[in-house]
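Visitor:
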Amino acid sequence: MATAAGTVETSAQGSVVWSWVTTVDHKRIGILYGVTGFLFFLVGGLEAMLIRTQLAVPNGDVIDADRFNQLFTMHALTMIFLALMPMAAAFFNYMIPLMIGARDVAFPRLNALSYWIYLFGGLLFTSSFIFGGAPDAGWFAYAPLTSTAYSPGSGMDFYVLAIIVLGISSMAAAFNFAVTIINMRAPGMTMLRLPVFAWMTLIVSFLLFTALPVITVALLELLFDRNYTTNFFSSSNGGDPLLWQHIFWVFGHPEVYILILPGMGIVSEVLPVFSRKPLFGYTAIVFAGMAIAVMGWTVWSHHMFTTGLGTVPQVVFTASTMAIAVPTGVKVFNWIATMYGGNIRFTTAMYFAVAFIALFTVGGISGVMHASPPVDTQQQDTYFIVAHIHYVLFGGAVMALFSGLYYWWPKMTGRLLGEGLGKLNFWLLFIGMNLTFFPMHFLGIAGMPRRIYTYDTGMGWDQWNMVATIGAYILALGILAFMLNVARTMRRPQTAPSNPWDAGTLEWATTSPPPEHDFDHIPIVLDRDPLWYDRDHNIEPQTGDPGHIHLPPPSYYPIIMAFGVLLLALGPLSHLALTALGAVVIVYSAWAWMLEPTD
Amino acid sequence: MSADSEHVAPAHHGPTVRQYLLIGLVLAIITVIEVWLSFSDIGAILVPALLIFSGIKFVIVVGWFMHLRYDSLFLTQLFVVGLVLGSGVLLSLITLFWTDASDIVGFN
Amino acid sequence: MAAATHDAPAHPPTNTGVDNRKLLMWGFLASECLFFGSLIATYLIFRDESIIGPFPHDWVDINGTEHEGVLDIPLTSISTFVLLMSSVTMVLAVYGARIGRPQMMKVWLLATAVLGLGFLGFQAYEFVAFVDEGLTLGTNQFGASFFVLTGLHGTHVGVGVLVLLLTLLGSFRRNGLGPNAGDHVEIVGLYWHFVDIVWIIIFTVVYLIPSAPPPGVIEFF
Chain C
9 MATAAGTVET SAQGSVVWSW VTTVDHKRIG ILYGVTGFLF FLVGGLEAML IRTQLAVPNG
69 DVIDADRFNQ LFTMHALTMI FLALMPMAAA FFNYMIPLMI GARDVAFPRL NALSYWIYLF
129 GGLLFTSSFI FGGAPDAGWF AYAPLTSTAY SPGSGMDFYV LAIIVLGISS MAAAFNFAVT
189 IINMRAPGMT MLRLPVFAWM TLIVSFLLFT ALPVITVALL ELLFDRNYTT NFFSSSNGGD
249 PLLWQHIFWV FGHPEVYILI LPGMGIVSEV LPVFSRKPLF GYTAIVFAGM AIAVMGWTVW
309 SHHMFTTGLG TVPQVVFTAS TMAIAVPTGV KVFNWIATMY GGNIRFTTAM YFAVAFIALF
369 TVGGISGVMH ASPPVDTQQQ DTYFIVAHIH YVLFGGAVMA LFSGLYYWWP KMTGRLLGEG
429 LGKLNFWLLF IGMNLTFFPM HFLGIAGMPR RIYTYDTGMG WDQWNMVATI GAYILALGIL
489 AFMLNVARTM RRPQTAPSNP WDAGTLEWAT TSPPPEHDFD HIPIVLDRDP LWYDRDHNIE
549 PQTGDPGHIH LPPPSYYPII MAFGVLLLAL GPLSHLALTA LGAVVIVYSA WAWMLEPTD
Chain X
962 MSADSEHVAP AHHGPTVRQY LLIGLVLAII TVIEVWLSFS DIGAILVPAL LIFSGIKFVI
1022 VVGWFMHLRY DSLFLTQLFV VGLVLGSGVL LSLITLFWTD ASDIVGFN
Chain D
3 MAAATHDAPA HPPTNTGVDN RKLLMWGFLA SECLFFGSLI ATYLIFRDES IIGPFPHDWV
63 DINGTEHEGV LDIPLTSIST FVLLMSSVTM VLAVYGARIG RPQMMKVWLL ATAVLGLGFL
123 GFQAYEFVAF VDEGLTLGTN QFGASFFVLT GLHGTHVGVG VLVLLLTLLG SFRRNGLGPN
183 AGDHVEIVGL YWHFVDIVWI IIFTVVYLIP SAPPPGVIEF F
């Protein structure tokens, strides 16, 4: 590991724990997100294993109905909010400043704040199992099931408050990354020279800070309905349960693009490197990403085709939903064209990226089927939808995240993950995933509803449920293979070179792992894939004494303010005095934060 | 988007104190007109008139007080994105939930 | 840990020429358009869906009896005027900060905070008056959506007043708000003006535009 010449400020010497608690370094925050996100991924996976074990045989008695409802609700919420989004954030954090040639994000302390709020929000959410029961009305929490009449426990209050808290974390991160990408690019890095992953991060940031406020309104209205006598969503006094559905899905649909676009960005980075060819149709892929984000705002009621919308809305939403397949298809064809004629290297990262294309396409096809209301009338609330969801989210987002892990592991840790175990990891996940979720198409067509804790024999569902459960156990083995790979790899010395894959983007221009200040010299960018351009044009990297590099000092105000946010949320769950205390903590830490010296 | 870094302009042109006070007066007058209209019997034109006047006040505050007229176009674009999406959500929801007397069954 | 405690360099270069924090604030205001857009939508959906009173504007019931609405438009016009004028004082505060006249900045910051508190005072009075007339969160759909919408807006005003006062407090330090005082105050001003323009919309939509309860309603208490 190289060390920089010149005077470079380093973090305070002190306890290791304290240095992590007060870190504002984007790389460390990325690792915090990644480790925490992966742990919650295991939690969500455990919830799924319990669900699949219960459903393996008809009339199963492993889990009772009440607990089952909590499990499928929390499985979705944990995976979406506590695992997938944070693991994408881990890569945003670690890679974006490096990719754009910056030394950190625009607001390093705000970045740390986002992480700590996420951690506290995730713990709040998961603690609901112990404190009176987890939310159990499905992750989309339809009214009036979520009213106090039908959900008398505190589970749904945990739901409301935890998602608001997590939303604050994501909003702060979204603003941070948007400003960073727009304002802090290295000289010569025009927008159309940005790596596709950076573009997807920017687009996802816009989606986050525009969509999250909408669900915040819905959540606040639900909170008031449950605790402060209003009737927004119960029809008894003039309210309307359907309003919840609309407001929720106006957020919910952009949310699924928030979940998949980072993965599309990762795959757009991995494919060219292991095809030894530049990305085909860069501009088309970027604009398709923008189109998906914009069009994603126009399709939400396709989640509501069976609610009696009326002919005109149904037709409108059918058209918009089918239209959104077009930019997605544009991307798929450009990825394939990238590989075509390339000199393919079959690394584990490449396996995951190629599998992403195939599996996401399968999910996309079932998605287009749901886009037709008559077809959806049969498919809605059946396992056909569950199949679609998991093909796009597991076959899509999760596979892409694993591709990113194998690709960027050497950059982050200085070690390459083992390829042998990596391939085993891949095949177990690939086979397990298809075995688990493909049969769900059949189950859905055969009429098996979602969210049932058991089923009787003789419905024609027994065989495929057993197959799906076996697949789930194979998935679990695949995850274990990954963890074994990590454990083995991390015991080896840090011998990875700066650019083990011979990639073209700027994060590979510095050491593996990078020094605290990222780059000795801020690169000057002359083209996309700057490293390939420089190599092809014999441009030497800058050398010499970098001189004094200013780094933002560590701070403990982010974690204190995050604690204040947690207190704000705890108030409605116990005593409103906690909310008042939380407000005081937030104001105090904001004041101290503003006064803190930043050099 | 410029490829080169720019320094933020330290001083900026913008309204003078006198102009700010004048704008404030204009806003106050428009408000008085709006309130007066709401108490007058002008029929169906009231709602569009009120919306137009509010829109004018909105643009004045955003353009001059919030300085968008003098700042980078990018900021206007950014704000307009939020405005368009917010208005879109508002209009969609109102359209989807619009009811009137014809929706009440059995009333005559 | 660095030893020197001078402020960060003024105006570090950015690709767009816009200061990072100003860009952040505009992004935040764009997101707030979505927040208030959804709230106003909820209000508009539910305003005329109350099956019992009180109702916002004067109305005539099925028996031909006239009833008064609870909204006091003359009073709210005054509070609207107060908030509008606070935007004027805010730009004067920014102006003072920009041309390097901290006294001018402090005076107008204080004026803005006072006007903001005045607005909140009117709101509090109005809320209490409504409760006295029988309108609460749980009474009907108008009550629910009105109090949530204006209450959340009022919360935004309250946060703004707090930030104004803290900014004012900070300006009494030895080196005031530092060399970037103009930037700081301008960014606070952006938030404040936004809260004002949201009220412009709310005032028009809630107070000025007339409403009517569903036909056939007889008022119950």
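Protein chains in written order, with this note's numbering: chain C, 9 to 607; chain X, 962 to 1069; chain D, 3 to 223. Glycine included, each C-beta is placed from N, C-alpha and C at the ideal position.
1) If you scan the stretch 183 to 246 of chain C from start to end, which runs of the alpha helix (DSSP H) of 4 or more residues do you find wholly inside it?
2) Output needed for L576 of chain C: all residues of its chain with C-beta closer than 6 Å, excluding positions within five of it in sequence on either side, in chain order.
3) With 9 Å as the limit, tell me which residues of the stretch 1047 to 1060 of chain X have their beta carbon closer than that to any beta carbon of chain C; keep them in chain order.
4) Closer than 9 Å between beta carbons: that is the criterion. Which residues of the stretch 24 to 46 of chain D meet it against chain X?
5) Please list, in chain order, all residues of the same chain as L46 of chain D whose beta carbon is under 8 Å from its beta carbon, the five residues on each side excluded.
6) Which residues does DSSP pair with H69 of chain D in a beta bridge?
7) Any beta carbon from chain C within less than 9 Å of H968 of chain X's own beta carbon?
8) Using a cut-off of 9 Å between C-beta atoms, extract the partners of L983 of chain X located in chain E.
9) Distance, Cα to Cα, T369 of chain C vs I453 of chain C?
10) Sort out for me which residues DSSP pairs P457 of chain C with in a bridge.
11) Drop a sphere of 10 angstroms on the beta-carbon of W1059 of chain X, count the other beta-carbons inside from all chains shown, and report buried for 16 or more, exposed for fewer.
12) How do the stretch 519 to 526 of chain C and the stretch 494 to 508 of chain C stand: do at least 3 beta-carbon pairs fall below 8 Å, yes or no?
13) With three or more beta-carbon pairs closer than 8 Å as the criterion, would you say the stretch 30 to 43 of chain C touches the stretch 96 to 107 of chain C?
14) How many angstroms separate the CA atom of L998 of chain X from the CA atom of L1007 of chain X?
15) Please list the residues of the stretch 232 to 249 of chain C that have a C-beta atom closer than 9 Å to any C-beta atom in chain X, keeping them in chain order.
16) Where does the unbroken alpha helix (DSSP H) through H583 of chain C begin, and where does it stop?
17) Along the stretch 294 to 306 of chain C, where does the CB come closer than 9 Å to a CB of chain X? Name the residues.
18) In terms of alpha-carbon separation, which member of C:T156, C:W257 and C:L58 lies closest to N239 of chain C?
19) When we look at the beta-carbon of Q471 of chain C and count the other beta-carbons within 10 Å, is it buried (16 or more) or exposed?
20) Entirely within the stretch 366 to 436 of chain C and at least 4 residues each: give me those alpha helix (DSSP H) ranges in chain order.
21) Taking only runs of the beta strand (DSSP E) that begin and end inside the stretch 43 to 93 of chain C, which ones reach a length of at least 3 residues, in chain order?
22) Along the chain, where does the alpha helix (DSSP H) containing S213 of chain D start, and where does it finish?
23) By how many angstroms is the C-alpha of T138 of chain D removed from the C-alpha of I75 of chain D?
24) Can you grab the Cα-Cα spacing for the pair E995 of chain X / L117 of chain D, in whole Å?
25) Can you pull the chain C neighbours of G1004 of chain X, defined as C-beta to C-beta under 7 Å?
26) Is I59 of chain C closer than 9 Å to F76 of chain C when the C-beta atoms are compared?
27) Could you check whether the Cβ of L220 of chain C sits closer than 9 Å to any Cβ belonging to chain D?
28) DSSP on N507 of chain C, reduced to helix/strand/coil?
29) Classify H254 of chain C as buried or exposed, calling it buried when 16 or more other Cβ atoms lie within 10 Å of its own Cβ.
30) Quick one: list the residues of chain D neighbouring A114 of chain C, beta-carbon separation under 7 Å, in chain order.
31) Please list, in chain order, all residues of the same chain as V16 of chain C whose beta carbon is under 6 Å from its beta carbon, the five residues on each side excluded.
32) By the criterion of Cβ-Cβ separation under 8 Å, what are the contact partners of H158 of chain D in chain X?
33) In its own chain, which residues sit with a C-beta less than 8 Å from the C-beta of V987 of chain X, not counting the 5 before and 5 after it?
34) Do P270 of chain C and T209 of chain C have their C-beta atoms within less than 9 Å of each other?
35) With burial defined as no fewer than 16 other Cβ atoms inside 10 Å of the residue's Cβ, what is the status of A570 of chain C: buried or exposed?
Guide: Working from what's here:
1) 204 to 235
2) Taking the first sequence and counting its residues from 1, one reaches residue 576 of chain C at position 568. T587 and G590.
3) G1047, G1049, V1050, S1053, L1054, T1056, L1057 and F1058
4) K24, L25, W28, G29, L31, A32, S33, E34, C35, L36, F37, F38, G39, S40, I42, A43, T44 and L46
5) Within the third sequence, the letter at position 44 stands for residue 46 of chain D. Counting only Cβ-Cβ distances below 8 Å, and skipping sequence neighbours, we find V207.
6) Position 67 of the third sequence, counted from the first residue, corresponds to residue 69 of chain D. Answer by DSSP bridge pairing, in chain order: D:W61.
7) Position 7 of the second sequence, counted from the start, is the residue given in the question as residue 968 of chain X. Any reading at H968 of chain X must be qualified, since the residue scores a pLDDT of 43, below 50, and its modelled position is unreliable; no value is offered.
8) Going by chain labels, chain E is absent from the structure shown, which instead holds the protein chains C, X and D.
9) The residue labelled residue 369 of chain C in the question sits at position 361 within the first sequence. The residue labelled residue 453 of chain C in the question sits at position 445 within the first sequence. About 20 Å.
10) For the purposes of this step, residue 457 of chain C is identified with residue 449 of the first sequence, where counting begins at 1. C:T390.
11) If you number the second sequence from 1, residue 1059 of chain X lands on position 98. By the 10 Å Cβ count, W1059 of chain X comes out exposed.
12) yes
13) yes
14) In the second sequence, the residue the question calls residue 998 of chain X occupies position 37. In the second sequence, the residue the question calls residue 1007 of chain X occupies position 46. One C-alpha to the other measures close to 7 Å.
15) D248
16) In the first sequence, the residue the question calls residue 583 of chain C occupies position 575. Element bounds for H583 of chain C: n/a, residue is neither H nor E.
17) W305 and T306
18) Counting from 1 along the first sequence, the entry for residue 239 of chain C is found at position 231. Checked all of C:T156, C:W257 and C:L58; the closest Cα to N239 of chain C is C:T156.
19) On the first sequence, residue 471 of chain C is found 463 positions in, with the first residue counted as 1. So Q471 of chain C ends up on the exposed side.
20) 381 to 387, 391 to 400 and 407 to 421
21) none
22) Taking the third sequence and counting its residues from 1, the one referred to as residue 213 of chain D is at position 211. Per DSSP, S213 of chain D belongs to no alpha helix (DSSP H) and is neither H nor E.
23) For the purposes of this step, residue 75 of chain D is identified with residue 73 of the third sequence, where counting begins at 1. For the purposes of this step, residue 138 of chain D is identified with residue 136 of the third sequence, where counting begins at 1. Their backbone Cα atoms lie some 19 Å apart in a straight line.
24) Here residue 995 of chain X is taken as the residue at index 34 of the second sequence, counted from 1. Here residue 117 of chain D is taken as the residue at index 115 of the third sequence, counted from 1. Straight-line Cα distance between these residues: approximately 22 Å.
25) The count along the second sequence starts at 1 and reaches residue 1004 of chain X at position 43. Result: empty, since nearest Cβ-Cβ is about 28 Å, beyond 7 Å.
26) Start at 1 with the first residue of the first sequence, and residue 76 of chain C comes out as number 68. Start at 1 with the first residue of the first sequence, and residue 59 of chain C comes out as number 51. Taking 9 Å as the Cβ cut-off, F76 of chain C and I59 of chain C qualify as a contacting pair.
27) Along the first sequence, one-based indexing puts residue 220 of chain C at 212. Chain D contact via Cβ: present.
28) Mapped onto the first sequence, residue 507 of chain C falls at position 499. Coil.
29) Locating residue 254 of chain C in the first sequence gives position 246, counting from the first residue. H254 of chain C should be labelled buried.
30) The residue you call residue 114 of chain C lines up with position 106 of the first sequence. Those within 7 Å of A114 of chain C in chain D are N22.
31) One-based indexing of the first sequence puts residue 16 of chain C at position 8. Because the pLDDT of V16 of chain C is 38, which lies under 50, any placement of that residue in the model is unreliable, and the question is left without a value.
32) Locating residue 158 of chain D in the third sequence gives position 156, where the first residue counts as 1. Those do not exist, as H158 of chain D stays about 15 Å from chain X at its closest Cβ, beyond 8 Å.
33) Locating residue 987 of chain X in the second sequence gives position 26, counting from the first residue. So the list reads I1021, once near-sequence residues are dropped.
34) On the first sequence, position 262 is the one that residue 270 of chain C refers to. On the first sequence, position 201 is the one that residue 209 of chain C refers to. For P270 of chain C and T209 of chain C, yes; Cβs fall inside 9 Å.
35) In the first sequence, residue 570 of chain C corresponds to position 562, counting from 1. When all chains shown are included, A570 of chain C counts as buried.
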